[in-house]
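Peer 1:
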Ligand SMILES: Cc1ncc(COP(=O)(O)O)c(C=O)c1O
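Residue numbers (my numbering): 2 to 408.
Spelled out as structure tokens, the structure:
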């Protein structure tokens with residue numbers, strides 16, 4: 002069965018917005034369009050429930066219930082328990098708080114493995130633990146391909162390593178890393194695992210429970226939702242790390258690593274992402290009953306559509322003399338986040354694309370270490386074109402024609 006792209010696009014008001022007409026959106030890895038169910042829930046919260054939640058009056062009770070619904074439904078989709086899901090302001094803030102918890106828990110001389118493939122959010126905060134005597138070991142990408150080789154990780158592991166951090170997919174290399182295999186290697190060496198899923202989750206919510214990491218992070222403003230960071234911390238680790246929230250909330254797992262007061266409306270609106278997955282599952286005749294399995298069905302539909310559209314784009318850029326495609330040229334192995342290193346600075350090229358109705362970006366995308374690791378000058382940056390399941394074939398055609406003109 003193929004994804005019904007017309008049905009999909011009807012769920013996103015941006016596609017019927019007059020001011021965006023004719024504009025093909027290719028900066029989805031920066032942030033996605035928002036789906037209607039999320040907008041509806043956000044509007045309802047702001048208009049009908051904008052009171053302190055969890056108090057004994059009706060508007061407040063409903064506000065709290067909607068927040069709880071978001072947590073439990075998103076957790077079910079991700080294959081984890083409700084209280085293992087945390088809402089924070091952003092993924093960068095979530096990793097920052099986590100790093101403070103590890104800073105207290107780890108002893109000088111113990112080690113953390115980080116990569117140079119990650120966005121800075123899942124590497125910089127960990128590297129700073131060196132200030133407290135933690136040894137930082139870098140799992141390096143192949144300078145040509147940007148690939149992370151699991152065997153290289155094995156050589157970095159010993160009994161000192163407490164944590165291994167890596168991305169499910171890098172926001173410039175795009176290759177999908179084998180999370181289950183890497184997690185098994187790290188666990189066998191006695192280390193916990195922290196996966197940045199920000200560049201992967203927009204292409205279908207993963208079953209985090211099955212994948213197996215101890216921490217999985219993504220940003221809901223890139224998964225058709227509000228501007229939140231969503232962080233799964235599995236119970237065993239979450240209970241062991243020191244509480245970073247108010248001391249009297251320490252026995253509530255989902256309050257331990259989000260010290261700021263939460264954004265009530267945006268948490269409530271996050272249930273709209275689950276509504277959206279459900280809309281797609283129902284429309285396409287999904288017969289599964291478990292929420293994670295229904296999300297898996299939707300994930301596969303999305304991926305198949307994306308892979309179909311991605312290959313022609315990769316084929317069009319991979320052999321161009323003036324362009325270096327970062328990451329693999331095979332659509333099945335990567336996310337549709339395509340970074341191109343050019344012989345000139347990338348941002349002006351993105352500006353040229355805008356003249357052809359293509360919205361894309363140029364720069365380092367906070368993946369400075371990955372660019373340097375591949376010998377790309379971060380000052381010049383890369384031209385990045387990224388799309389998702391709601392992208393139409395006609396938009397890919399528009400992009401290819403525009404690239405022909407500007408490259
Ligand atoms: C792969 C990746 N990780 C982490 C982040 C940081 O997410 P946030 O903006 O929620 O802090 C980004 C943001 O672009 C990203 O692309």
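C-beta: ideal position from N, C-alpha, C; glycine also.
Which two residues bound the contiguous alpha helix (DSSP H) that contains residue 78?
Peer 2: The sequence position of residue 78 within the chain shown is 77, counting from 1. Here the alpha helix (DSSP H) through residue 78 covers 59–79.
Peer 1: Around the C-beta of residue 144, are 16 or more other C-beta atoms found within 10 angstroms, so that it is buried, or is it exposed?
Peer 2: Reading the chain shown from its first residue, position 143 is the one you call residue 144. The residue in question, residue 144, is exposed, as its Cβ has fewer than 16 Cβ neighbours within 10 Å.
Peer 1: At a cut-off of 7 Å, is residue 209 close to ligand 1 when judged by its beta-carbon and the heavy atoms of the ligand?
Peer 2: Sequence index remark: in the chain shown, residue 209 carries index 208 (1-based). Because no heavy atom of ligand 1 lies under 7 Å away, the Cβ of residue 209 does not count as near it: no.
Peer 1: If you draw a straight line from the alpha carbon of residue 184 to that of residue 214, how long is it in whole angstroms?
Peer 2: Stepping through the chain shown from its first residue, residue 184 is reached at position 183. Stepping through the chain shown from its first residue, residue 214 is reached at position 213. When rounded, the distance between both Cα atoms is 6 Å.
Peer 1: Look at the Cβ atom of residue 227, then the Cβ atom of residue 271, and state whether they are nearer than 8 Å.
Peer 2: Position 226 of the chain shown holds residue 227. Position 270 of the chain shown holds residue 271. A contact, by the Cβ cut-off of 8 Å.
Peer 1: Report yes or no: do the segment 99–109 and the segment 167–183 share at least 3 C-beta pairs separated by less than 8 Å?
Peer 2: A contact is defined here as three or more CB-CB pairs under 8 Å, and the segment 99–109 fails this definition with respect to the segment 167–183.
Peer 1: What is the residue span of the alpha helix (DSSP H) that residue 38 lies within?
Peer 2: The sequence position of residue 38 within the chain shown is 37, counting from 1. 37–49 is the span of the alpha helix (DSSP H), which, as asked, contains residue 38.
Peer 1: Compute the distance between the beta-carbons of residue 210 and residue 324, then report whether it is under 8 Å.
Peer 2: Residue 210 sits at position 209 when you count from the first residue of the chain shown. Residue 324 sits at position 323 when you count from the first residue of the chain shown. Not in contact: residue 210 and residue 324 (Cβ atoms no closer than 8 Å).
Peer 1: If you draw a straight line from the alpha carbon of residue 307 to that of residue 296, how long is it in whole angstroms?
Peer 2: Position 306 of the chain shown, counting from 1, holds the residue named residue 307. Position 295 of the chain shown, counting from 1, holds the residue named residue 296. Distance between the alpha carbons of residue 307 and residue 296: 16 Å.
Peer 1: Looking at the strands, I want to know which residues DSSP matches up with residue 308.
Peer 2: For this step, residue 308 is matched to residue 307 along the chain shown. Note: residue 308 sits in no beta bridge, so no partner.
Peer 1: Roughly how many angstroms lie between the CA atoms of residue 50 and residue 28, to the nearest whole one?
Peer 2: Position 49 of the chain shown holds residue 50. Position 27 of the chain shown holds residue 28. If I take the Cα positions, the gap works out to 33 Å.
Peer 1: Going by the beta-carbon positions, is the gap between residue 369 and residue 121 smaller than 8 Å?
Peer 2: Along the chain shown, one-based indexing puts residue 369 at 368. Along the chain shown, one-based indexing puts residue 121 at 120. Yes, they are a contact pair.
Peer 1: In three-state terms, what does DSSP make of residue 14?
Peer 2: Residue 14 sits at position 13 when you count from the first residue of the chain shown. The three-state secondary structure of residue 14, taken from DSSP, is helix.
Peer 1: Look at the Cβ atom of residue 245, then the Cβ atom of residue 94, and state whether they are nearer than 8 Å.
Peer 2: Here residue 245 is taken as the residue at index 244 of the chain shown, counted from 1. Here residue 94 is taken as the residue at index 93 of the chain shown, counted from 1. Not closer than 8 Å, so no.
Peer 1: Check the C-beta distance from residue 36 over to residue 8 and give it rounded, since I have them as a contact under 8 Å.
Peer 2: Position 35 of the chain shown holds residue 36. Position 7 of the chain shown holds residue 8. Actually they are not in contact, since the Cβ atoms of residue 36 and residue 8 sit about 12 Å apart, beyond 8 Å.
Peer 1: Can you tell which of 261, 390, 239 has the C-alpha that lies nearest to the C-alpha of residue 281?
Peer 2: The count along the chain shown starts at 1 and reaches residue 281 at position 280. Selected option, being the one with the closest Cα: 390.
Peer 1: Restricting to Cα atoms, I'd like to know which of 33, 73, 18, 387 is closest to residue 225.
Peer 2: Locating residue 225 in the chain shown gives position 224, where the first residue counts as 1. The shortest Cα separation from residue 225 among 33, 73, 18, 387 belongs to 33.
Peer 1: Among 404, 115, 41, whose alpha-carbon lies nearest the alpha-carbon of residue 276?
Peer 2: Counting from one through the chain shown, the residue named residue 276 turns up at place 275. The shortest C-alpha separation from residue 276 is found at 41.
Peer 1: Cα-Cα, which of 180, 255, 222, 117 is closest to residue 208?
Peer 2: What you label residue 208 is simply residue 207 of the chain shown in a count that begins at 1. Ranking the options by Cα distance to residue 208, first place goes to 180.
Peer 1: Could you check the C-alpha separation between residue 88 and residue 176 for me, to the nearest Å?
Peer 2: Along the chain shown, one-based indexing puts residue 88 at 87. Along the chain shown, one-based indexing puts residue 176 at 175. The alpha-carbon atoms of residue 88 and residue 176 are separated by roughly 27 Å.
Peer 1: For residue 341, which beta-bridge partners are listed by DSSP?
Peer 2: On the chain shown, position 340 is the one that residue 341 refers to. Residue 341 pairs with 326, 384.
Peer 1: If we ignore side chains and look at the alpha-carbon of each, how far apart do residue 329 and residue 174 end up?
Peer 2: Along the chain shown, one-based indexing puts residue 329 at 328. Along the chain shown, one-based indexing puts residue 174 at 173. The alpha-carbon atoms of residue 329 and residue 174 are separated by roughly 8 Å.
Peer 1: Can you list the alpha helix (DSSP H) stretches of 4 or more residues lying completely in the segment 120–171, in chain order?
Peer 2: 125–128, 151–157
Peer 1: How far does the alpha helix (DSSP H) with residue 239 in it reach, from first residue to last?
Peer 2: By 1-based counting over the chain shown, the position of residue 239 is 238. That run of the alpha helix (DSSP H) goes 236–241.
Peer 1: Should residue 221 be labelled buried (16 or more other beta-carbon atoms within 10 Å of its own) or exposed?
Peer 2: The sequence position of residue 221 within the chain shown is 220, counting from 1. Residue 221 is buried by the Cβ-count criterion.
Peer 1: Short check: CB of residue 123 to CB of residue 195, under 8 Å?
Peer 2: Here residue 123 refers to the residue found at position 122 of the chain shown. Here residue 195 refers to the residue found at position 194 of the chain shown. Yes, Cβ-Cβ distance for residue 123 and residue 195 is below 8 Å.
Peer 1: Entirely within the segment 174–253 and at least 3 residues each: give me those beta strand (DSSP E) ranges in chain order.
Peer 2: Entirely contained in the segment 174–253, the beta strand (DSSP E) runs reaching 3 residues are, in chain order, 193–197, 216–220, 230–234.
Peer 1: Does residue 32 come out as helix, strand or coil in the three-state DSSP assignment?
Peer 2: On the chain shown, residue 32 is found 31 positions in, with the first residue counted as 1. Note: residue 32 maps to coil in three-state DSSP.
Peer 1: Kindly list the residues whose CB is nearer than 7 Å to the CB of residue 61, restricted to its own chain and excluding five residues on each side of it in sequence; keep chain order.
Peer 2: For the purposes of this step, residue 61 is identified with residue 60 of the chain shown, where counting begins at 1. For residue 61, the CB contacts under 7 Å within the same chain, skipping 5 residues up- and downstream, are 52, 53, 54, 55 in chain order.
Peer 1: For residue 257, which residues in the same chain have their Cβ closer than 7 Å to its Cβ, ignoring the five residues on either side in sequence?
Peer 2: Along the chain shown, one-based indexing puts residue 257 at 256. Cβ neighbours of residue 257 beyond the five flanking positions: 239, 244, 245, 246, 251.
Peer 1: Need the endpoints of the beta strand (DSSP E) that residue 464 sits in, please.
Peer 2: This structure cannot settle anything about residue 464, because the visible part of the chain is limited to 2 through 408.
Peer 1: Nearest CA to the CA of residue 273: which residue from 193, 153, 69?
Peer 2: Numbered from 1 along the chain shown, position 272 holds the residue referred to as residue 273. The option with the nearest alpha carbon to residue 273 is 69.
Peer 1: Go to residue 400, then tell me how far its alpha helix (DSSP H) extends in each direction, as first and last residue.
Peer 2: As a working mapping, residue 400 is identified with position 399 in the chain shown. Counting along the chain, the alpha helix (DSSP H) containing residue 400 begins and ends at 394–407.
Peer 1: Just to confirm before moving on: does the CB-CB distance between residue 354 and residue 318 stay below 8 Å?
Peer 2: For the purposes of this step, residue 354 is taken as the residue at position 353 of the chain shown. For the purposes of this step, residue 318 is taken as the residue at position 317 of the chain shown. Not closer than 8 Å, so no.
Peer 1: Sorted by chain position, which residues of the same chain lie with C-beta nearer than 6 Å to residue 333's C-beta, five sequence neighbours on each side aside?
Peer 2: For the purposes of this step, residue 333 is taken as the residue at position 332 of the chain shown. Excluding residues within five positions, the ones whose Cβ falls inside 6 Å are 308.
Peer 1: May I ask you to list the residues that DSSP assigns as paired with residue 87?
Peer 2: Looking up residue 87 in the chain shown gives position 86. Answer is 232, bridged to residue 87.
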